[in-house]
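Q: To start, I am sharing the structure in question, which I have written as structure tokens.
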Amino acid sequence: MSFANYDGAEGSASASGYEKWVQTKSIDVVCTRSGLTGVTGALSQQRSTGVAQLGPIRIRQDLDKSFPKLAEAMLGGKMNKKIQYVETQTVGGKLATICAYTFENCLLTGVKQVSDEKGCFAEVEFMPLKIEIKFTEYDPKDGSKKGDVAGKADMSEQKAG
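Note that the working numbering has the sequence shown beginning at 62, numbered continuously upward.
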């Protein structure tokens, strides 16, 4: 199961620990870097130049009570201070977070409802300035936590780490 939490838009999820979040179906996280400049110096330092871009990020989610507030914020051009997204799995009979994203200073760029013969859902698209990602590894035999791997970037400074 996966869930999203939007600043200022309460969802309808009822899973333990995720009450008032939004139950989601999927996420697309896009990170790109445009052309190379100053290649000689960059290669000697084992790094690449150019401009990095974070987003657009797209979350597919249940259509719930968060949708009207998200549409209003997007149409009004409001920044969303913080959006959280978590992927979970059952470990020892409880939901455990295996991957968590925190996005900050997000401009909502698209909100839509999609309905077809299979049902309906919503898509929320945004461009964040900051991202933090944490992956948690669990032992498949006993479910104990093995450790975390984290990464982060601040696009307002074009800085990762």
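Glycine included, every Cβ here is placed at the ideal spot set by N, Cα and C.
The model shown is predicted, which means the values in this text are computed figures rather than measured ones.
Between G111 and R94, is the Cβ-Cβ spacing less than 7 Å?
A: In this structure, R94 lies closer than 7 Å to G111 by Cβ.
Q: Assuming I159 contacts F196 (C-beta within less than 8 Å), just tell me the rounded distance between them.
A: Right, their Cβ atoms sit about 7 Å apart.
Q: Since A183 and F128 are thought to touch, with beta carbons under 8 Å apart, how far apart are those beta carbons, to the nearest angstrom?
A: Confirmed, Cβ separation roughly 5 Å.
Q: Under 7 Å between the Cβ atoms of C167 and N141?
A: Yes, they are a contact pair.
Q: Roughly how many whole angstroms lie between the Cα atoms of I120 and I194?
A: Near 15 Å, if we compare the C-alpha coordinates of I194 and I120.
Q: Near Q150, which residues of its chain fall below 7 Å by C-beta distance, leaving aside the five closest residues on each side in sequence?
A: Around Q150: A157, I159.
Q: Roughly how many whole angstroms lie between the Cα atoms of Q84 and G78?
A: Cα-Cα distance, rounded: 12 Å.
Q: Pull the bridge partners of G208 from the DSSP assignment, please.
A: Paired residues: E198.
Q: Please list the segments of the alpha helix (DSSP H) lying wholly inside the stretch 118-173, counting only runs of 4 or more residues, in order along the chain.
A: Segments of the alpha helix (DSSP H) lying fully in the stretch 118-173: 127-136.
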